[in-house]
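Quick note, the sequence shown lines up with residues 22 to 391 if you use my numbering. A virtual CB, placed ideally from N, CA and C, is assigned to each residue, including glycine. The model shown is predicted, which means the values in this text are computed figures rather than measured ones. Inspection log for the structure reproduced underneath, given as structure tokens.
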Amino acid sequence: MKLEAVELIRLNVPLKSAFRTSFSSVNLHQVVWVHAITDVGEGWAECGANERPDYSSEYHTGAMAVMKEFILPEMFELGDDLTAESIGPKLHWMKQHRMAKAAVETAILDAQLRAEEKSLASYLGATKSRVPAGVSVGIMNSLEELMGYVESYLAEGYLRIKLKIEPGWDYEPVKLVRESFGNDLLLQVDANTAYTRNDFDLLKRLDEFNLLLIEQPIDEEDMLGHAKLAAYIDTPVCLDESIVSADIARDAIELGAAEIINIKPSRVGGYLESKRIHDVSLKNNIPVWCGGMLETGIGRAANLALAALPGFTLPGDTSASSRYFETDLTIPFELQNGYIDVPTRPGIGVDPIPEIVERFTVSKDWIRSN
Ligand code: SMG
Ligand code: MG
């Protein structure tokens with residue numbers, strides 16, 4: 022196949038309520054989509070980068086710049102030899118920028134699979150037709166507010182709750198949720214690097230709540246620190262931000278720093294690398310689950326395909342569209358008894374709804390081969 026043009030679309034999609042983590046509070050899902058036009062058809066992808074370089078070093082303006090200046094020219098240069106599988110090797114020289122690379126690779130993979138009439142799930146080797154859904158619950162202004170949200174998510178049928186934590190919002194909210202909803206509730210926490218090596222005793226206090234895992238407690242570059250923490254506490258340590266490739270995953274596992282892994286395709290450079298992380302984890306008996314970046318239906322659809330692989334044994338952050346959005350930009354994903362169906366149509370399996378996309382579009386930029 023051959024890439025003919027790419028449209029970069031910037032969207033601002035309002036969230037139902039603010040989502041607060043240890044590093045930011047957002048009211049809007051500000052996001053970049055990649056719309057690839059090839060000679061065999063079109064493909065779509067959502068870039069995982071945030072507006073600011075807060076979750077990772079990538080951010081919108083930077084991701085769009087690196088796509089325009091470096092990634093897309095390489096794709097045009099491949100000419101008729103372009104395939105989704107050729108992109109990783111072609112971009113191997115380029116350091117980092119994994120979210121930008123992931124978005125371009127996914128849009129091209131979507132076009133390729135649509136042309137082959139094959140779903141992303143079957144391409145990746147999915148073994149499930151629906152996946153269990155968890156929900157990520159932000160830091161709140163009060164314990165009462167937190168209880169209200171957790172209660173309503175459980176009433177909707179979510180099968181696992183993840184509480185965002187930070188210093189000052191950890192022991193008390195976790196204790197309250199555990200005591201209110203009982204020991205059978207699948208409960209986990211995510212610190213987004215908010216703690217340090219000096220906080221190990223504080224984190225050890227969470228052992229009493231029988232959590233599924235603690236996600237990314239300390240700095241993403243401190244792999245040894247995570248290994249030391251994992252040896253010190255009973256709660257399994259799960260890595261998110263630290264795991265940016267299959268090689269890093271392999272090392273983190275060997276070091277004892279990752280007892281569980283959150284795979285986010287955007288963070289690791291795409292679905293092909295995600296599959297490699299899945300494979301190395303499965304080989305080492307390390308459970309994985311699929312994380313999220315508040316994706317609209319375009320990103321959510323692809324994540325659901327990945328979450329259907331056999332090593333994804335824990336519920337992910339792949340919630341229903343209604344978790345964040347009044348109106349999704351594709352057919353909405355819905356919860357059925359705590360599960361979400363994996364798309365079966367070709368490619369990512371969903372299409373943007375033009376009238377809705379138009380409503381949330383901030384800018385469009387066409388890039389063509391010259
Ligand atoms: O997609 O439901 C979602 C978001 C899940 O908590 C979530 N993501 O570190 O895992 C994580 C965070 C990153 C959010 S960046 C605003
Ligand atoms: Mg996380």
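Under the Cβ criterion (8 Å, minimum of three pairs), the region 229-243 does not count as touching the region 268-277. The ligand MG never approaches N324 closely enough for any of its heavy atoms to be under 7 Å from the residue's Cβ. Within the chosen limit of 7 Å, the ligand MG reaches the beta carbon of Q237 through at least one heavy atom. Inclusion of P257 and I274 in the CB contact set at 8 Å is not warranted, their separation being larger than that value. Considering only K196, D211 and G178, the residue with the shortest C-alpha distance to E187 is D211. Shortest gap from the CB of G312 to any heavy atom of the ligand SMG: under 7 Å. If you ignore the 5 residues before and after Q209, its C-beta comes within less than 6 Å of the C-beta of K183, L232, L233 and L234, all in its own chain and listed in chain order. Look at A147 here: in three-state DSSP terms it is coil, with no helix or strand label.
With respect to the 8 Å criterion, T348 and C311 are not classified as neighbours on the basis of their beta carbons. The beta carbon of D228 sits closer than 7 Å to the beta carbons of I254, D255 and T256 from its chain, once the five residues preceding and following it are set aside; these are given in chain order. With a cut-off of 7 Å, the C-beta of D211 is classified as near the ligand MG, since at least one heavy atom of the ligand falls inside that distance. Pairing G291 with K122 gives a Cβ-Cβ distance under 8 Å. In the pairwise beta carbon analysis, the region 355-366 is classified as not touching the region 99-114: fewer than three pairs are separated by under 8 Å.
Apart from sequence neighbours up to five positions away, the residues of its chain that approach M115 with a beta-carbon distance below 7 Å are F91, ordered along the chain. Taking every protein chain shown into account, the CB of K185 has 16 or more other CB atoms within 10 angstroms, so this residue is buried.
Counting other Cβ atoms within 10 Å of its Cβ, G370 reaches 16 or more and is therefore classed as buried.
No residue range can be given for I307, since it is assigned to no alpha helix (DSSP H) and is classified by DSSP as neither H nor E. Rounded to the nearest whole angstrom, the CA to CA distance from D102 to G320 is 26 Å. Comparing alpha carbon positions, the residue from A26, V158, E236 and P373 closest to I129 is A26.
The residue from K149, V152, Y179 and V195 with its alpha-carbon nearest to that of S163 is V195. In this structure, the C-beta of N358 stays at least 7 Å away from each heavy atom of the ligand MG.
Of the candidates E126, L303, V198 and Q133, L303 places its Cα closest to the Cα of L330.
Sorting S343, A252, R297 and V363 by C-alpha distance to the C-alpha of N324 places V363 at the top. For A215, same chain residues with a beta-carbon under 8 Å away, outside a window of 5 residues either side, are S43, F44, I186, E187, P188 and P238 in chain order. P367 sits buried, since 16 or more C-beta atoms from the chains shown fall within 10 Å of its C-beta. Rounded to the nearest angstrom, the Cβ distance from R181 to P336 is 4 Å, consistent with a contact under 8 Å.
Cβ contact annotation for N71 (same chain, cutoff 7 Å, sequence separation greater than five): Y80, in chain order. A distance criterion of 7 Å places the beta-carbon of S342 beyond contact range of the ligand SMG, judged by its closest non-hydrogen atom. If one requires a minimum length of 3 residues, the beta strand (DSSP E) runs lying completely within the region 271-324 are 281-284 and 309-311, in chain order. One Cα belongs to P373, the other to F202, and the distance between them is close to 38 Å. Note that the region 48-56 touches the region 33-40; at least 3 beta-carbon pairs, one per stretch, sit closer than 8 Å. Take V198, set aside five residues on each side of it, and the residues of its chain with a beta-carbon closer than 6 Å to its own are V171, in chain order. In this model, G169 and E200 are separated by some 15 Å (Cα to Cα).
A distance criterion of 7 Å places the beta-carbon of D268 beyond contact range of the ligand SMG, judged by its closest non-hydrogen atom. In this structure, the ligand SMG has no non-hydrogen atom nearer than 7 Å to the beta-carbon of D240.
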